[in-house]
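There are 2 protein chains.
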Amino acid sequence: MKTSLLKFIFILTAVFYSAATYAENGYDLWLRKGPAKPVKVVVSGKKSAILDAAKQELTEFWQGTPNATIQLVVKADKSLKTDGFKINGNVITAGNDAGVLYGVYDMLRRMASGQSTDNVLSNPSYQRRVLNHWDNPTGNIEHGFAGKSIFWRNEKDSVTVNAGDLSRWKDYARLNASIGINGAVINNVNAQPMMLSAPYLKKYAAIAAAVRPYGMKIYMAPNFASPIRQGGLKTADPLDPEVIKYWQAKAKEIYALIPDFGGFLIKANSEGQPGPQDYKRTHVDGANMLADALKPYGGIVMWRAFVYAPNDPDRAKQAVQEFMPFDGQFRDNVIIQVKNGPVDFQPREPFSPLFGAMKKTSVMPEFQIMQEYLGQAKHLVFLSTMWEECLKSDTYQMGAGSTVGKVTDGSVYPQKYTAIAGVSNIGLDSNWTAHPFAAANWYAFGRLGWDNTLTSAQIADEWLKLTFAPVTDEGKAAMAGKNWDAGFLAPVKKMMLDSREAAVNYMMPLGLHHQFSAYDHYGPGSWYAPARTRADWTPPYYHKADKQGIGFNRTETGTDAVSQYHEPLSSTFSSLENVPEMYLLWFQHVPWTYKMKSGRTLWDELCIKYDTGVKQVRQFQVVWDMAQPFVDKERFENVQSRLRIHARDAQVWKDGSILYFQTFSGMPIPYEVERPVRDLSYIQSVAPASIK
Amino acid sequence: MKTSLLKFIFILTAVFYSAATYAENGYDLWLRKGPAKPVKVVVSGKKSAILDAAKQELTEFWQGTPNATIQLVVKADKSLKTDGFKINGNVITAGNDAGVLYGVYDMLRRMASGQSTDNVLSNPSYQRRVLNHWDNPTGNIEHGFAGKSIFWRNEKDSVTVNAGDLSRWKDYARLNASIGINGAVINNVNAQPMMLSAPYLKKYAAIAAAVRPYGMKIYMAPNFASPIRQGGLKTADPLDPEVIKYWQAKAKEIYALIPDFGGFLIKANSEGQPGPQDYKRTHVDGANMLADALKPYGGIVMWRAFVYAPNDPDRAKQAVQEFMPFDGQFRDNVIIQVKNGPVDFQPREPFSPLFGAMKKTSVMPEFQIMQEYLGQAKHLVFLSTMWEECLKSDTYQMGAGSTVGKVTDGSVYPQKYTAIAGVSNIGLDSNWTAHPFAAANWYAFGRLGWDNTLTSAQIADEWLKLTFAPVTDEGKAAMAGKNWDAGFLAPVKKMMLDSREAAVNYMMPLGLHHQFSAYDHYGPGSWYAPARTRADWTPPYYHKADKQGIGFNRTETGTDAVSQYHEPLSSTFSSLENVPEMYLLWFQHVPWTYKMKSGRTLWDELCIKYDTGVKQVRQFQVVWDMAQPFVDKERFENVQSRLRIHARDAQVWKDGSILYFQTFSGMPIPYEVERPVRDLSYIQSVAPASIK
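These protein sequences, in sequence, are chains Z and D.
For the first sequence, full-length UniProt numbering gives the first residue as 1, with consecutive numbering after it.
For the second sequence, full-length UniProt numbering gives the first residue as 1, with consecutive numbering after it.
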C-alpha cells in the first residue's frame, strides 16, 4: 500500500480509535439478533415442527417493515427440487417444509445483506449436504481445534443427555439449516464399534430428535469390523451370511429409533481401518452389502475413496487405481466420497481424477472445513476460494465444461443421490470454531453445498455482513458516523479472498504438498523422514528435492499420474511449458535454475513465494488493526491475537522451508527476500508449533 | 536499497556464491598471520623481554619488502610521552621498550591497512589503558558471554597454572599490546576476600609474569572488607590502625611478588559491596588509606563512582551528589572511575555529569566492552560509536571544547595519572568473544584508549581489514577476482557504524533507558516491577509512562538533574524545544501527542523508531549474506546465525515495548509499522530470552 494512502487511512481511522465497546460473545455467529420488529406470519401447510421453527425464526429475527405479513406456503411446484424455494416479495413457497425453512433463512439473509427478495428461485445443488464430525466417543475431536465434541462427553458419560446439550444441538441445527446443511455424521470415520451399541443408538436418537425440527438428518460412521467387535461374530466378511444379518438387524434397530436416519459413512481399508479387503472382498462387496441393509429404509452409504498403500510409488494415483475397475457395480444408494484432491486436503492440489472419471457411479466431494493442513485455528484462511477452485475445475470428462461441480451434482451424470460432505470444525468453544473467521468456512461449505456456482466473493460478503455489521442498538450506535462498507467490509473481504493463496505461498507454493512436520500437520517439516516411517507419510516422498531440482515427476517419464486426467489436462500437466505454475512441482521435477514465467529461476521464485506469503499475512494484520473501530472488543482481540501467531508461524514456514531446500539448491536466497530469523537446525530440533 | 541495485549486486555475487572455503578458526582475531617474508630487525636498546617480543612479532608478521631492515630504537625524545613512538620509514623510535613494541604493532597495522608509515608520531591519550575483568574465582564471569574465565578455573583449582594457561595469557597479552592496552584488573569488582590470600597472590604473580613481556601490568579488585574476611580483623574501618597496617602489609606482600603491580580497583558501598561508609567514613577516607598503602610502590587506586541509594528519587544524580563534595581531597594516586553515563552502561545515556565537574580530582572513564545491556553476544553492536559519542561530548566545564576526552586525558586538568577502563568481553571461547564482531569492541576500546580522537569509521576500517582481509595464500586464492573493498569492506563497515543506533532504536529510543527484563538485562521488560523490588531496579522507575505521556522529568520541575550539567547544557536539556531528541525522554516527561521534529506525534515517532531498528537489523542480515563470498565458512556461519537471533530478538523488543506503552497511550500503532507477532501477555509471561 502506498504510504500516502496509508497516511490518509491512518488519519481517517485515528479519529475513531478505541475499539467499539458493544458486546458480542461470538456464539451467534451469522445469526445475530437485533431487537425484533413486529411481523405477522401466515403459514399455509400442514402443521409441523419444521414449519413452526420457520415461523419462529422469522418472528424472532424480523428487521423488515414493521407489521408486515409474510406468507409461508408449502405447495408442489415443478420448478422446485426437494428443499428448493421461491421468494416473491412477502411470499415464500416451497415443495416441502424444509424448503420453507430455507426460504425463511434466505429471506432474512437477503434483507440483512442488501439483496433483492423479488423473483428468487433457489434449488440446492446437492440433495445431501452433510457435515462429517471427526468426534470420538471420548469427547476428543481428531484434528479438532475448537474444544471438545458437542455430541460426546467422554466414554463413560458419552450417552447421557442434559439440557445444555439440547440447547447447543438446537442452535447447531439452526446454524446449519440457515445455510442449507441437512445432515451430519456425528462420529469419527476412524470409528469405534461401540457406536452401534444400544446406549449409543439411544443417544443418536436424542440428537436426531434435537436437530429434526431444522430439517437435519443424522448419519453414523460405523466401524466395518463391528460384527466382530460389537456383535461378537467371528468375522466381518461382507459376504458372510451372519455378517449380513448383523447389519440388517442393526439397520432395523436404528430405524426403529430414528425413522429418518440418513445412513452410513465408511472409511474402510484406509490408514489401518478394517474393511472388506481384510477378507479378500472388494469395496463393492462391502459397500453394497451395507447399502442393501439400509435400502428398505431409504438410507445411503457414503464410501470413502481415501485409500492408499504404504509402498506405492505414487499415493496420488491409488484412488483411481482401486475404484475405477468397479465403476457401475455399486448399488444406487452408494455414493463414493472423494476428497477434493488426490492426496489429502493439502493447501493446494489439482482435483482428484476420480471426479468425472466414474461415470456410472455416484460420486460426492469431501471438503475439509477444519483447517487440519491450513493453519488449524491459528491461521486466518478462508477456504471458500479453494473449494470454488475445485468445484469449477474442468474435468473435460464429458467435454469442456464438465466441472467437478457438474459431474457431482447430477447435471452431467444421472445419480439417484447427490451429496457433498464437509469435515466439521465445530467444537464446544463458546464461539464454536475458536478462530472467529473459521466460522466463515463452515458458512461457505453450507452455501456452496446449496449452490456450487456461488462465488467466494459473494459468500464472504454475506458472511461479513451477517457476522459483523451492527444489529443491536448498541452496535449501531458504536458505528455512528463511520463508513462500514469502506472501512471494514471492503478491506476485510479482500483479506479473506487473498488468505488461502497467502497460505499456499508461505506453506507450499508452486505445487508443493504435504510438507508438514509429522508432529501435528501444523508447522513446516520438509526434512521429516525418520527411519522406519512409511515413506508416504514423510515430506521427502512428495518434494523429491535433490541437487538438480525439486518436484514430483508425475508425467509419463515418472509415475504417469497425468494419464489419470482427461485430455487436454493430461498433456497440459505433462508439459513443463504448459502446466500451470501453481501445479508445477506437483507434476514435474524441475531444475533449480529453470526459468519461470516471471523470468526468475525456480529457486528464486520459490523463495519469493514464501516471502510473499509472510508479507501478505503481515498486511492482513494491518487490515485487521485498521478495522478495530468497527469490531467489538472481544472478537477484535481474538482475531488480532491469532493473526499475530499467524504472522509469526508463516515466518517459521518460510524460514524452515527455504533453509532446508537451500541445502539442495546451494543457491543464495534472493536479497529482496527477508532473511531467516532462525537456523534450520533449530527449527528441525523442535516441533515447529512450539516456536513462540 | 533500490531494487535495481539489489539486482545488480545479486548478479554480481551469485557468480561467487558458495562460501569461501579456506579455514579461519577465529582465534587470531586481528593478529592473523600470512606466510612471513624475511626481514632483518636491528635493536638499539638494552636487551629486554619486551624488545625481544617486539622483534619476534615483527619477524613473524612481516609482509613488507623481503629482506628489509627495520630498526627498533629506544631513545629519549621530548615529543614522546611514555609508551609513545615514532615511525619513519623503517625506523621505529620510542622512549621506552613498550613504546617500541607499540610502534611495531602500529607499523604492521599500517602496512596491513594501507596507511602511511612515514612521519608517524603517536602518543597515548591515557597512561593506564586497563581492562576490567568481571571474573570470579569460580571461573564464572559476571555477565560473561564468551565462556569461562581465562584466569580462574574454579575455587578449588583456581590457583593452579598449566601450559595451556600460559599460552592463552601470552596471546591475550599480545592482542592487548597490539592495540595499546597495558593493564588488566583480573578479578571481579564484586570481589572475593580470598584474592588477597597467598595462593591467589602467587597466581597473580604467574599471570603478571606471563603478560609482562608485552608491557602489561596486573591490577586487583580487592574486597574492601578483606581485613575482616581475609585478615581476621574485627573491622575494615579505613581509619583503624590495624586495618591500615593490614593493607600496608598486603601491599608489601604483593609488590614482593609482583614488582610492577598496577594497583587496586575498588567498588565500595555500591550494590551491597562493603566500603568505608559502613564505618561512617567517606570515599576519601577509604580511597586515600589504600592509596597511601600503594604509594611507596607506585601503585594507584581506581575508585568507582558507581554508587546509588535504593530510595533516591533519581539514581542518575547520586554520583555527583556523593563525590563532588570531596573534589580536591583525594590523593594524587587515586583516580575516580566513572561510567560513561550517569545510570549504567545503557544503550544511550548522556555523559555522566561528573566528567569535567571534578576539577581537582583525577577522573577516568569506564566503558563496558561486554555488551551486558546491548544484546550480549547475540547482537552485532559496534560500541565504538557510543564511546566516541561520549568522549567527544562537550562538558563546557572549562569553556566550549572541554570534551569528556579532554577533561580526562590530562589536556584540560593536570592529573598525575590518567587512565581509561573497559569491562572485558573476553572468555575461554576459542574465538575469545563468542560473537566474532564483539572482538571489534575489544579492539575499539584499545584504540580509543590510545587515541581518544580516533573516529569509529577508522577503527572499523582497520579492524575489518585486519580481521577479514585475506592473509594466507589459501585465503588470497579464495578472493581471486573479487572486489573485497566494494563487496565486503564498505557495506560491512557501514553495518558496524549503524549498529549501535539500530540497537538504540529497537531497544530504547528517544532517551528511554533501563527497560530490561530483570531476568538477564537482555530482553524487554518495561513492565517489570514485582512487589518488594527496589524501585530503581525496575523499568517503570525510568520510563514513568502514564496516560498523559512518557519520560523522566529531570528538569527543574522534576528531579533537576539538569542542574548537574554546565551551561548551556543545563538549559538545553531543560528545554522541551531544544533538548536533542535522542535524550528527550531521559530529561523530560512528554505528552504522547507532542509534535516531534518529524511532524509526527511522540507516540508515532516512538513506534517508528522501534520498527526502524528491526528493519535495520534485517538489513544487516542482507549485508552479511551478501558478504558470504568474502568470508570463511566458520566465521560466516557464526555471524549469520547470531544475526538471525539478533533480528528475531529485535522484533521481541519492538513488540513488547510498543504493546506495553500502548496500554498507556491508548493510541493505534501507526500502520506503516509492522504489526507485533506476539501478544503482550505472552511476552510478559516468559523470560524474553526464552522466546525462540
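Ideal placement from N, C-alpha and C gives every residue a C-beta, glycine not left out.
Handout entry: Contact belief for Leu464 (chain Z) with Val492 (chain Z) at Cβ below 8 Å, rounded distance in angstroms
Key = 6 Å
Exercise for the section: Grab me the residues of His143 (chain Z)'s own chain with a C-beta within less than 6 Å of its C-beta, minus the 5 sequence neighbours each way, in chain order. Expected result: Met370 and Glu372
Practice task
Taking the CB atoms as reference points, tell me whether Glu586 (chain Z) and Pro350 (chain Z) lie closer together than 8 Å.
Solution key: Reading off the sequence shown, one finds Trp at residue 586 (chain Z), where the question assumed Glu. Yes. Within cutoff.
Problem - Below-8 Å beta-carbon distance, Pro668 (chain D) vs any chain Z residue - result: yes
Exercise for the section: Select from the region 585-619 of chain D all residues with a C-beta closer than 7 Å to any C-beta belonging to chain Z, and list them in chain order. Expected result: Within the region 585-619 of chain D, contact with chain Z at the beta-carbon level (separation under 7 Å) is assigned to Arg618.
Practice task
Note down, in chain order, every chain D residue with its Cβ under 8 Å from the Cβ of Arg675 (chain Z).
Solution key: Arg618, Gln621, Val622, Asp625, Leu643, Arg644 and Ala647
Exercise for the section: Give the straight-line distance between the Cα atoms of Leu108 (chain Z) and Gly95 (chain Z), rounded to the nearest whole angstrom. Expected result: 19 Å
Handout entry: Nonlocal neighbours in the same chain, by C-beta distance under 6 Å from Leu383 (chain Z), ignoring five residues either side
Key = Asn441
Practice task
Please classify Val15 (chain D): is it buried, with 16 or more other beta-carbons within 10 angstroms of its beta-carbon, or exposed?
Solution key: For Val15 (chain D), the pLDDT reaches just 38, beneath the cut-off of 50, and the residue's location in the model is therefore unreliable, leaving the point undetermined.
Handout entry: Span of the alpha helix (DSSP H) around Tyr623 (chain Z)
Key = Looking at the sequence provided, one finds Val at residue 623 (chain Z) rather than Tyr. Its alpha helix (DSSP H) spans residues Leu602 to Met626.
Practice task
Report yes if the CB atom of Trp653 (chain D) is closer than 8 Å to the CB atom of Tyr610 (chain D), and no otherwise.
Solution key: Yes, the Cβ-Cβ distance between Trp653 (chain D) and Tyr610 (chain D) is below 8 Å.
Exercise for the section: With 8 Å as the threshold, decide whether the Cβ of Asp679 (chain Z) is near any Cβ in chain D. Expected result: yes
Problem - Alpha-carbon to alpha-carbon, Tyr308 (chain D) and Gln564 (chain D) - result: 16 Å
Exercise for the section: Measure from the C-beta of Leu6 (chain Z) to each C-beta in chain D and report whether the shortest distance is under 8 Å. Expected result: Low confidence applies here, because Leu6 (chain Z) scores a pLDDT of 44, under 50, leaving its location unreliable and the question unanswered by this model.
Handout entry: Any 3 or more C-beta pairs closer than 8 Å across the region 200-212 of chain Z and the region 274-281 of chain Z
Key = no
Problem - Segment limits, alpha helix (DSSP H) that includes Val407 (chain Z) - result: Val404 to Thr408
Exercise for the section: Go ahead and label Pro124 (chain Z) buried or exposed: buried means 16 or more other beta carbons lie within 10 angstroms of its beta carbon, across all protein chains shown. Expected result: buried
Handout entry: Collapsed DSSP secondary structure at Met289 (chain D) in the structure displayed
Key = helix
Exercise for the section: Could you name each continuous beta strand (DSSP E) segment of 3 residues or more that falls completely within the region 286-373 of chain Z, going from the start of the chain to the end? Expected result: 300-304, 334-339 and 362-368
Problem - Contact list for Ile186 (chain Z) against chain D, beta-carbon separation under 7 Å - result: What Ile186 (chain Z) touches in chain D: nothing, since even the nearest Cβ is about 35 Å away.
Exercise for the section: Report the neighbours of residue 693 (chain D) on chain Z: residues whose CB is nearer than 9 Å to its CB, in chain order. Expected result: Within the shown structure, residues of chain D are numbered from 1 to 692, placing residue 693 (chain D) beyond reach of any answer.
Problem - Enclosing alpha helix (DSSP H) for Phe664 (chain D) [first to last residue] - result: Where Phe664 (chain D) is concerned, the enclosing alpha helix (DSSP H) stretches over Lys633 to Ser665.
Problem - Beta-carbon proximity check, Ser362 (chain Z) vs Gln321 (chain Z), cutoff 8 Å - result: No, they are not a contact pair.
Exercise for the section: Would you check if the distance between the CB atom of Gly299 (chain Z) and the CB atom of Gly263 (chain Z) is smaller than 8 Å? Expected result: The Cβ atoms of Gly299 (chain Z) and Gly263 (chain Z) sit closer than 8 Å to each other.
Handout entry: DSSP state of Gln454 (chain D) mapped onto helix, strand, coil
Key = According to the sequence displayed, residue 454 (chain D) carries Leu and not Gln. Note: Leu454 (chain D) maps to coil in three-state DSSP.
Handout entry: Beta-carbon spacing of Arg222 (chain D), Ala251 (chain D) below 8 Å
Key = Correcting the residue identity first, residue 222 (chain D) is Pro in this sequence and not Arg. Result no, Cβ atoms of Pro222 (chain D) and Ala251 (chain D) do not sit closer than 8 Å.
Exercise for the section: Name the residue from Z:Val243, Z:Gly446, Z:Asp409 and Z:Val677 whose alpha carbon lies nearest to the alpha carbon of Gly180 (chain Z). Expected result: Z:Gly446
Problem - the region 395-415 of chain D touching the region 128-148 of chain D, judged by at least three CB pairs closer than 8 Å - result: Contact between the region 395-415 of chain D and the region 128-148 of chain D is not established, with fewer than three Cβ pairs separated by less than 8 Å.
Exercise for the section: Count the other CB atoms, across all protein chains shown, that sit within 10 Å of the CB of Pro296 (chain D); report buried if there are 16 or more and exposed otherwise. Expected result: Pro296 (chain D) should be labelled exposed.
Problem - Proximal residues of chain Z, C-beta to C-beta of residue 699 (chain D) below 8 Å - result: Any answer about residue 699 (chain D) is impossible in this case: the structure gives chain D only from 1 up to 692.
Handout entry: Straight-line Cα distance separating His543 (chain Z) from Lys217 (chain Z)
Key = 42 Å
Exercise for the section: Take the Cβ of Asp546 (chain Z) as the centre, count every other Cβ of all protein chains shown within 10 Å, and call the residue buried at 16 or more, exposed below. Expected result: exposed
Practice task
Look at the alpha carbon of Asp171 (chain Z) and the alpha carbon of Ser657 (chain D), and state the distance between them as a whole number of angstroms.
Solution key: Going by C-alpha positions, Asp171 (chain Z) is about 43 Å away from Ser657 (chain D).
Handout entry: Cα-Cα separation, Arg644 (chain D) to Ala650 (chain D)
Key = 10 Å
Exercise for the section: Leaving aside the five residues before and after Met302 (chain D) along the sequence, list all residues of the same chain whose C-beta is less than 6 Å from its C-beta, in chain order. Expected result: Leu265, Ile335 and Gln337
Handout entry: Alpha-carbon spacing of Pro137 (chain D) relative to Pro524 (chain D), whole angstroms
Key = 31 Å
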